[in-house]
Each structure stands twice: as structure tokens, then as C-alpha cells.
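These protein sequences, in sequence, are chains A and B.
Under my numbering, think of the first position of the first sequence as 501, with each following residue one higher.
Under my numbering, think of the first position of the second sequence as 17, with each following residue one higher.
Following: one structure in C-alpha cells, then a few remarks.
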Amino acid sequence: MTIMIKCTFDFLKKSMRLLFSLILMGLLSLPPFPGAWAAEGNTVTFIPQWTPQSQFAGYYVAQEKGFYRNRGLDVKILKGGPDFPPSELLHTGKADFGTLFLTTAIVKRAKGYKFINIGQIVQRSALMLVAKKSSGIKTPADMNGKKVALWGEEFQIQPRAFFRQHHLQVKILPQGTTMNLFLRGGVEVAAAMWYNEYYRVIQAGIDPEEMTTFLLSDYGLKFPEDGIYCLESTYTKDPQKSINFVLASLEGWRYAFSHPDEALDIVMKYVNAANLPTNRPQQSWMLKRMQDIIQPPGTDVLMGCLQEETYYQVAQELKNFGVIENIPEFQHFYRSCESLHAK
Amino acid sequence: MRNSSLATRLTIFILACTALIFIAALSYNYSASKATIMADAVEDAKNLALATGNKIEVTLQGVEKIPRVLADILDEQPARQEELLRLLNRALVHNPEIYGLGVFFEPFAFDPKQYYFGPYVYRHQKGVKVEFLGSDTYRYFFLDFYQIPRELQRPMWSEPYFDEGGGNIIMSTFSMPFYREKDGTREVLGIAGADISLMGLEKLVASAKIYESGYAFLISQNGRFLTHPDKNLIMRESMFSLAVSKNDPELRRIGRDMIRGGQGFVPVNDFSSGKKSWMYYTPLGHSGWTLGVIFPEEELFANVRRLSQRLILIGFIGLVFLGVVITLLSRSITKPLRTLAATTSALGHGDFSVTVPETGAKEIKQLAHSFNELGEQLTDYMEKRDFIRDTFGRYVTQEVVKRLLESEEALALGGETREVTLLFSDLRGFTALTAEMHPEQVITFLNRYLEKMIEILIDYRAVIDEIMGDGILAFFGAPEPLEDHPARAVACALTMQGAMEEINALNAADGLPHLEMGIAVNTGTVVVGNIGSEKRTKYSVVGADVNFASRIESYALGGQVLIGPATHWRVKDIIEVGEVVRAEMKGVPEPATLYEVRAILGPYNLRLKERQETLMPLAQSLPVHIYRIKDKIITGATGAAEITQLCDTAAVIRFAGELAAWEDVRLHLVDEQQNEKPGKIYGKVTAVEPGEGNFRTARIHFTSVPPESRTVIREALGA
């Protein structure tokens, strides 16, 4: 009897094991699909800092080409815009990852938001001041006493530093979401992103030859901009997930730069889905400029990395202008350079 | 091209010219029409733009009115909230084009306690709604509709934007600043704004009818499309973004002109279809927007194209028709020419009687007429030529003529040495016989004889060298060589003698004297050829043997054929010889032996008639006078003479006096009274023999016997 039971048990054991391995094999051989992984909690949400455009091409491309999926991430890209500030969404947990300007992030960090930078994407500032030659501005000195339209807060750091550099007294007006104030002549100088508003001005009929431009990074104000951020807790819970997200995003950017037409197709898909009033030439310009600022020629900084020195330069300026009181520690702020390039 | 027919040449040339003219006319028509149409199109565009523009202006101005009025009011005095709201409400209700109406104040400008004050009324489903705009999330100070007119301190229409409601409605706001005086300067107190939806404008612009696929559109002050049949362009693309995506820098240039308030008529490629088009643009009042009108070139010129196509078709058919007509016409013209060509060919082959019909065009008729005349002239010419030849031939043997006409060399002066056989013939005592005849009679008499003799000579292929009155000189064996010329000559001579009977019979019937002919034939080597000069040439013979033949002739009696030794040598085997005469000739050492030929055997087979040559002694001798003739002149007479023996052809006469052998004599029969009877008998002394005493006997052969005398002879012979 025992022998029989024992045999049965043995048999059962064996079959259980067999069954178990079979099930395991079955599970392992299943093609990865969101549902399966969702159950495992690998869905992440990502919020770009503005409405869909080439500024976020790398992420869209990574999504469409499956780079996130390849690293085990099921990414949901939210629609960004003025009503969806990433700092808020990250803070409230509505988004796991988001992009922010370095300056904005430092300010938030100083305010107590527990954000960390897991990947510095834009290495070079694209902020510029534009003026029409017809208003008489050819050199920085010509700006003295003129009206300048600037965006708020952290976007004013570099321009203010610039004015201080050149000992200029200007009348600063807040700039809205369009360049119309500048186009209509309401101000002589306006802030613009090289990849965005500058081209909008050209697309409104002003020829580049008719403008005087001051790219602030040419004036020593090399503030890196877009970076990928998440809550500290998100990182510590699963560092690899964050690293994977950044790595896949970087892969996406690299692919976008080497396949611009395909990348543009993807971007336009998101643009049209969001019914945005932009066009392909605009997005094409933007993508090209993103490459200039994400992979600036002659730079020795690796993609995704933030140098401590640069960080402190930026933070110091913020402090100088009284935007922050204390400078957050770099180590707390930025983690991931080595891990990004460990391979 | 060289060998092409008249039809082909005419067709090609005329068709080419016609086609060129047609093409030139068509091209001119086409380009002129295009130019006219273009001018018309510009006018149409201007008018359309004007009309549409005016309508839009009317609408816009209607909208502008309200904020202006509001600003006016607010300029004067500060407003109170309820009043303001009532005003806004009223204005909105009474102006259906306006979607929303608001008044926005500078910070703390309305109420020192309120940072923002922006009452705004707008249409909402059932009625009108009021909202007080201005908050941290709606900081109107930095919105375009407020900020720009505030900074520029002038009224303006905003750059159109999408309605926040989420719908695809494009809106634009007209902002009118209002002011207050503060410390002597005027500063902006706030902005009165009216929002309108551009849907009405869109409908208005879209309703403009331009050909089939032409259309009107609006662009904003930034060059963006506000209306366009292609919805994808609206608000997204501008003239400048299109310039980049279509790689057309010209579009950018045009766009810049448009937003700077320019006006123009320019060629473009349609923004959506890419078709070649023309665009007229003009600014719309002071909104800063531009109206563009697109004319697809295809449609613009459709009528002209169609017309031109039809013209080309007509032209083409016309050319084909023309080609056919030309071909037919030229064929009908050349038909007589072709007939002419064929007929000329026939003419060339010797048929001069062919004619061509004298029909057709005047020139052709003339040509045909000339041709026919030519035929006649040729016929005449040929007749003349034939006449000449024949006449020529009458005087010169056909053989010689033929030879002469056939080759030029034959005309060359000079001769060749040949062996020929010569024939001399003579009528005995002809001159004396015809001395008393009428000249016409003489010619008739002579020609009868000559005609017959010449016929015979020609038959025997003799070359008649000369006809010297009653004497004939002919030769055989030149120019064409004749192998049997000796025999031939002899045969000819015999035939000639044979013919004399016939002639004499005719002569007797006509009362003309009896004729006797003597023929001499001699063979020898002579020079034969064209003798004389170019002006006067004779195909003749020259040589000793010619003279010899002439000498023989003098020995020939009437009815006799006498041949020389050389001839005899050649024909002796086939001839029958009669008399043999040993003739002594002057200048010839040895006497020559001459042979009388009575017949020729062989192929010719001829025989002379036997003649009554047997002398009959007369019972009664006939007294006769004898006159001696030398060189045809009577040189003397003999004494008394009488015929002792007599026959038809000869007589033996006993005479006194002198007579030499071979002398020519004239005999007169006399009566008892010694009166001469009529009739002169001519004869030749063939022999003289001595007689008794003074008398001698002469044998005289008659050469010519007149009919009277013949009668007497016949009587004497008792026949």
C-alpha cells in the first residue's frame, strides 16, 4: 500500500513538477503583450512638457518602434500642453516620468519637490533673443531701453544674465504663447526657442536675414534644458525601470536622428491626433535643431549625462537672481550617468 | 525630290506653305486670345475680390463698430458694472455676427481692489451668458487680444485662433483700446473686444464661383490659411510653410507681398492639386488679412484651347482636302503632258502622223498645238527629205544615194581602185535624126527610150554615171561589190537591146523614127569615188578603161552589143559570140579584138533576136546620095552611088568617091531625077572594098532609118 501510495506520490510529484515546468515554459514562451505585463505592473506613464511636437520625437519613436517594449516597459504617453505641467503630474503621481527644463527642475527641487534627473537630454540651451533689424538692433548694446518680451520665471534667468553681461536696461514684458506681439511690433526683442518660436517667425514671413538673433548659449549661458525626471521614490523602487526608460528614450532619439523622415511621420501622427495647428516643415526644423542641442557638435558629454560643474553653474545663476535660496545637492539631483553607459 | 511628280511637288509645297500660314495664324490667335483672356481674368479677379472684399469689409466693419462705441463710452467716463453689463448684453443681442463681447481693464483700473476685471458676454445654446474673465489661469493681460493693442495703442484684429471650446471653429477678436488721461499723458485703460467666428466669412469666401475648380481663400497677417477648400491647410499651413514643403521660393516671395498688403496677379501651382494656376490677391481693408483668388490655367484657357483644337482639326481636314484637290488638279493638268510624252515617244519612233488632243489649260493647249504642228512639220520635212532622196536617186543611183545617206564617210572626196565593168550605150545617128524635130518631141522621144534603159540598168544594179543626151554611161561593181559584174553588164546590155523593139514599136505608132542603139561593155580597173569638190561632187569613174570603153562604143553598130577583151575573157564561157571585130584605135599600138555578143547563157539566159542581116541583092539598084559625117557635121559627099544589096539593117553600095571604114554617113534615097526622097538614113561604114574602075563597094550598117525610108526599103525588099 505504502509502496503504491509512495509510487502515486512520487508520480504526482513528478507530474506536478512536469506540469509546473510546462506551465512555466508556456508562460515564458508567451509573446510579451501589454496585458500580460500590465498585470505585472510594468506600465509607466510619461508626460512631455508641451503639446506633441518634434521636441519629443525620441519618445514617440521609441514608443512606435518598440524600444520601450523591448526593455520590458509598457509606456503610455500622455498628451502634454499648457494645462498639464509635468511638475504637477509627477508630483501628484499622475505621471511616472516627465520632461522638464533643468532650471525648472532645480527650482522645484529647491522648493521641496522630490524630483530627480534620470537623464539629461538637451545638452545645450536653445533659448535665444530675436529682434528685427528694422528696429535698429544689430548688437546687444542696441537693446538698451527697448521693450523685451520674455517668458516667465526660469526662462528669464539666461536673458537677465545676458542683460547684466552687457549692462543693458530694458523693459521686460511677459510673453504669451504666440510671437504675435513681436511680429506686430509690440516689442523690439522677444525670447524664442531656436527650435520653435524662431522658426515660427520665419514661417510668418520674416526672412532670417531680416532678423538679429542672440543665441544665449553663444554668450556663455550654456544651460542644458530638457531632461527626464521622476520622483525619487519611483527611482529607488526600481532603478532599472528608470534606467531602461531613459535608455529606450535615448535609443529613440538616436533612431530619430538617423531616420528623420520616418521620425517626422511618427511625430505628425501624434500632431494630427492632437489636432494641432502646425505643419511638417515646422516639425522638420524642430527635429533638426533638437539634434543640434541633444548631440551638439564638438561636445564631449555623453547622451543622457549631466555634468556636475554645469549643474552648479546653472543653480548658481538661479540663486544669483534670487529664484532659489539654496542650491540642491547634485548627487541628490542626478544619479544615472554611469548606469546609463554601463554597457 | 528630283523625280517626284508635279502632283507631289505641288502638294508638298502648297501644303507646307498653307500649313505654315495656318500655324502662324493659329499661334497668333492663340496667344492673342490668351492675352485677352488673361486681361479679362485679371479684371474678373479684381471685381470678384472687390465684391467679396467689400462684403467682408461690411461684416468686419459692422463688428468693429461695437467695441469702438464701447471704447468711446468708456473713454468719456468710468463705467459702472450693471451699466456695462447691460450695454454688453444689448450690443450682443443686437449684433448676431458677434459671438462674444467683453471689456477688459488694466490691473486695478476698474476697481482698485480688483486686479482683473473682464466682464464678457457670449452666446450660449439658449441665450446669452455672462462671465467675469481674469484669473491666475486666465491672465488676459498677456493674451494677444489684449497685450498687442495695448502695447501698440491702436485697434486691431487678432491673429485668428481656434476656439477653446474644442470645436474647429476659427475665431478672431477685434480689440479697441480705451484710454484715460493721467498726468497729462494718455494711457490705456483697457480693451474692448468683440469675438467673431470666421465661419460666416468662410462661407462667404467659399461661395465665390470661379470657373470649375477655381476658388477664393483668405490668409491671416501671418500668412496662415484661414479658409481654403483643402481643410488640411486651414490654420496649419501658411504660404511660407507651403513654400518650404513644395520647395518653391517664389511662393514665399508672394506670401511676403501678400501679408504686407500687396496686390498682384501671379502664376502659381495650386496648393493642393499642384495644377498650373493664376492667383490674384488683394488686402482686405485694415484687418491685415489677404484675399486670394485662384484661377486654374487649364480652365482659364479651356475655351481658347478647345477653340484652338477645333481650329487645328478644321485646318487639318482642310489641308487634307486641299491636298486631294491639288493632286487631282495637277493630275488633270499633267494628263495631256503625259499623253504628249507618250506620243512624243511614238513620234521619235518615226510615226509623225500622231497627234495629241488640243485640250486643257491654255498653256497646255498651246503646247499640244505646237506639238501637232511639229508633227506636221516633221511629216513635211520627211516628205521633202524623201522627195530629195528620191529626186536625188533619180539623178544618182539609189545604191549610191543609200550609201551616201547612210554614212558620212561615203561623202568623203576621193576614190578607190576597183575592178568594174563599164557600159556605154548610144543611139545611132540620134542627133541627125532629131535635128528637124520639135524640142518637146525630142525630149519625149528621148525620155521614152531613156526611161526604159534606166529601168533596166537599175534592175541590174548598175550605177548610172552619166546620161549624155542619148548616150548612157554606167558601171557595175561599185560602190557595192558585185562578183559577176562582167556577166551582169553583158546581160544588161542584151536586155537593153531586147527592149529596143518595144520602144521602136511605140515610136512607129507615134510616127517617130526607128531607133538603133549600140552598146559597148568593157571591164577594167578604174578609180571610182566622189570626184569633184564639195560644192559639186559626182560619184564617178576615172581611168584608162573608161576611155577604152568609149572607144569600143564607136565601133558598136545599132542593135549590137560589143564587148572588150577583158570582158570577153571573163564571160567567154557563157556567151555566144557573133562578129569579132579587130579595131584599130588611135593611140593604141595593137588592134583590139572586140566581140559581138549574141546571147548569154547561165543564170541570165538572154538572146538577141535574130536580125535580118542577110543582104539581098537588089534586082534594081537604088540610087542614093551619100553624105559623109565627121563629128556630126556633114563634111562631104560621095559621087554617084547605088544600093546593090539591101537588108533591114545594112546595105552594100557601089559608089564613086571616098569613104572610110567606120565612118558615119547619111543616105538619101533619090528618084530617077536624082531628087532626094524624103527620109534620111544614117549609117556606119563597116567595110570598104575596091570595085571596078572608080567604083568601090562599101558595106554600110544602118544606124537610123526614118519611117519613109523604111517603107522604101521594105518595098525594095519586096516584103
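Note that the Cβ used here is the ideal one computed from N, Cα and C, for glycine as well.
Everything numeric in this text was worked out from a predicted model, so none of it was measured.
Report task. Could you please tell me which residues of the region 684-699 of chain A, in chain order, have their CB closer than 8 Å to any CB of chain B? Result -> So the close ones are R684, G685, G686, V687.
**Report entry** Within-8 Å CB hit, A/Q813 to chain B
**Finding:** no
Requested in this report: Would you mind telling me which residues of chain B sit closer than 7 Å to A/A763, beta carbon to beta carbon, in chain order?
Outcome: Simply none; closest approach about 16 Å.
Query raised in the report: From A/K671, A/F601, A/L627, pick the residue whose C-alpha is nearest to that of A/M643; which is it?
Result: A/K671
Query raised in the report: Cα separation between B/V119 and B/R166?
Result: 13 Å
Query - Ordered list of beta strand (DSSP E) runs contained in the region 194-225 of chain B, each at least 3 residues - result: 201-213
Query raised in the report: Can you find a C-beta in chain D that's less than 8 Å from the C-beta of A/R780?
Result: Reference to chain D is not applicable here, since the protein chains of this structure are A and B.
Query raised in the report: Shorter than 8 Å from the beta carbon of B/I235 to some beta carbon of chain A?
Result: no
Report task. State the beta-bridge partners of A/Q620 as determined by DSSP. Result -> A/G727, A/G804
Report task. Tell me, please, which residues DSSP counts as bridged to B/A358. Result -> Its beta-bridge partners do not exist; DSSP assigns none.
Report task. Determine the DSSP secondary structure at B/N520, reduced to helix, strand or coil. Result -> Reduced to three states, the DSSP call for B/N520 is helix.
Report task. Return the chain-ordered ranges of every beta strand (DSSP E) run that is complete within the region 656-707 of chain A and spans a minimum of 3 residues. Result -> 671-674, 689-693, all fully within the region 656-707 of chain A.
Requested in this report: Taking B/N285 as the query, report the chain A residues whose CB atoms sit under 9 Å from its CB, ordered along the chain.
Outcome: Those within 9 Å of B/N285 in chain A number zero; the least Cβ separation is about 17 Å.
Report task. Starting from the C-beta of B/L462, find all residues in its chain whose C-beta is less than 7 Å away, skip the five residues before and the five after it, and write them out in chain order. Result -> By the criterion of a C-beta distance shorter than 7 Å, B/L462 is surrounded in its chain by D486, once the five residues flanking it on both sides are discounted.
Report task. Could you tell me the distance, in whole angstroms, from the CA atom of A/Q783 to the CA atom of A/K632? Result -> A/Q783 and A/K632: Cα-Cα distance of roughly 24 Å.
Query raised in the report: Apart from the five residues just before and just after B/R25, which ones in its own chain have a Cβ nearer than 6 Å to its Cβ?
Result: Take B/R25, set aside five residues on each side of it, and no residue of its chain has a beta-carbon closer than 6 Å to its own.
Query - Member of A/Q703, A/P674, A/G705, A/A704 whose CA lies at the smallest distance from the CA of A/A690 - result: A/P674
Requested in this report: State yes or no: is the beta carbon of B/G301 nearer than 8 Å to at least one beta carbon in chain A?
Outcome: no
Report task. Could you tell me which residues DSSP pairs with B/P135 in its beta bridges? Result -> Looking at the DSSP assignment, B/P135 forms a beta bridge with B/F148.
Report task. Take B/Y297 as the anchor and find which of B/I275, B/W585, B/K554, B/E708 has the nearest alpha-carbon. Result -> B/I275
Requested in this report: Give me the Cβ distance between B/Y195 and B/D91, rounded to the nearest whole Å; I'm assuming they're in contact under 8 Å.
Outcome: 6 Å
**Report entry** Under the three-state DSSP convention, the category B/S21 falls into
**Finding:** coil
**Report entry** Residue span of the beta strand (DSSP E) that contains B/Q636, given as start and end
**Finding:** From DSSP, the beta strand (DSSP E) with B/Q636 extends over 632-646.
Query - Assigned exposure category for B/Q279 - 16 Cβ within 10 Å defines buried - result: exposed
Query raised in the report: Would you call A/G580 buried or exposed, if buried means 16 or more other Cβ atoms sit within 10 Å of its Cβ?
Result: buried
Query raised in the report: Smallest Cα separation from B/A35: which of B/G655, B/I333, B/A714, B/A65?
Result: Out of B/G655, B/I333, B/A714, B/A65, B/I333 has the C-alpha closest to the C-alpha of B/A35.
**Report entry** Best match in B/V613, B/V85, B/Q93 for proximity to B/R106 [C-alpha to C-alpha]
**Finding:** B/V85
Query raised in the report: Roughly how many whole angstroms lie between the Cα atoms of B/V562 and B/D367?
Result: 45 Å
Requested in this report: Have a look at A/P531 and A/L573 and give me their C-alpha separation to the nearest angstrom.
Outcome: Residue placement at A/P531 is poorly supported in this model, since its pLDDT is 49, which falls under 50; the coordinates still yield a value, given next. When rounded, the distance between both Cα atoms is 14 Å.
**Report entry** Through-space distance from A/I824 to A/F833, alpha-carbon basis
**Finding:** 15 Å
Query - Beta-carbon gap between B/I729 and B/I669 smaller than 8 Å - result: no
Requested in this report: Measure from the alpha carbon of A/D761 to the alpha carbon of each residue in A/T543, A/A815, A/V561, then state which is nearest.
Outcome: Selected option, being the one with the closest Cα: A/V561.
**Report entry** Own chain, CB closer than 7 Å to B/S236, minus 5 neighbours either side, in chain order
**Finding:** E175, P176, L242, W305
Report task. Please go through the same chain and pick out, in chain order, the residues whose beta-carbon is closer than 8 Å to the beta-carbon of B/P112, but skip the five residues on each side of it. Result -> Closer than 8 Å at Cβ, skipping near neighbours: no residue.
**Report entry** Where A/L681 meets chain B, residues with beta-carbon distance less than 8 Å
**Finding:** D160, Q163, I164, E167
Query - Strand pairing of B/I579, partner residues [DSSP] - result: B/V537, B/Y611
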